[in-house]
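**Student:** Every position in the sequence shown, counted from 1, becomes a number in our numbering once 20 is added.
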Amino acid sequence: MNTSTRTVVINQPSLFPWFGEFQKLQLSDVSICLDHVAFQKAGFLCRARIHPVGELPRWLTVPSSAHTRSGAINDVVLLPTEQWLPTVLRRLSHAYRRATYGQHALRLMVEAASDHPTLAVDLAERSLEVLASYLGFTLPTRVRSSS
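1) Determine the contact status of D55 and V141, defining contact as a CB-CB distance below 7 Å.
2) Below 8 Å on the Cβ atoms is my guess for S34 versus F59; work out the distance and round it to an integer in Å.
3) What runs of the alpha helix (DSSP H), each 4 residues or longer, lie entirely inside the region 63-148?
4) Secondary structure at S153, three-state DSSP: helix, strand or coil?
5) If I'm right that A132 touches L143 with Cβ under 8 Å, what's the distance once you round it to whole angstroms?
6) Exposed or buried, which one is P137 when buried takes at least 16 other CB atoms within 10 Å?
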């Protein structure tokens, strides 16, 4: 009898993944994006914690349509990219103006938003892909729980 084992990890999508997520992904064969659960206003789907050099941490938020925040994560609609990207880039630029790789953060954000995602989960998944590529990290097979 041939038995094969596969390791599966499940995560909720976030604007940009935390470093420990890559550790989990490295150990997995399949990764499930848990996108059918309820949106949490204080969650990380549309925001990330940034740490400006020499300053206190603060939140970086991508705005979403208010009427879509009461449903599932995969229903949260972002405002049009041109309405939020300049502000996000300005905040990143200010926060990381003295950081060695500060300009890299700006380029990663631009790349993640380059296809103008309308859903927050699409931006979160794209940011994971962009960061993984930047780090030379191969992502496991990714599936969404809603599919």
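The beta-carbon is built from N, C-alpha and C at its ideal position, and this holds for glycine as well. The structure displayed is predicted, hence computed values, not measured ones.
**Tutor:** Judging by the given coordinates:
1) The count along the sequence shown starts at 1 and reaches residue 55 at position 35. The count along the sequence shown starts at 1 and reaches residue 141 at position 121. Result yes, Cβ atoms of D55 and V141 sit closer than 7 Å.
2) Here residue 34 corresponds to residue number 14 of the sequence shown, with the count starting at 1. Here residue 59 corresponds to residue number 39 of the sequence shown, with the count starting at 1. Actually they are not in contact, since the Cβ atoms of S34 and F59 sit about 12 Å apart, beyond 8 Å.
3) 101-115 and 122-133
4) Position 133 of the sequence shown, counting from 1, holds the residue named residue 153. In the structure shown, S153 sits in a helix (DSSP, three-state: H, G or I).
5) The residue given as residue 132 occupies position 112 in the sequence shown. The residue given as residue 143 occupies position 123 in the sequence shown. That belief holds up - the Cβ atoms of A132 and L143 are roughly 6 Å apart, short of 8 Å.
6) In the sequence shown, the residue the question calls residue 137 occupies position 117. So P137 ends up on the buried side.
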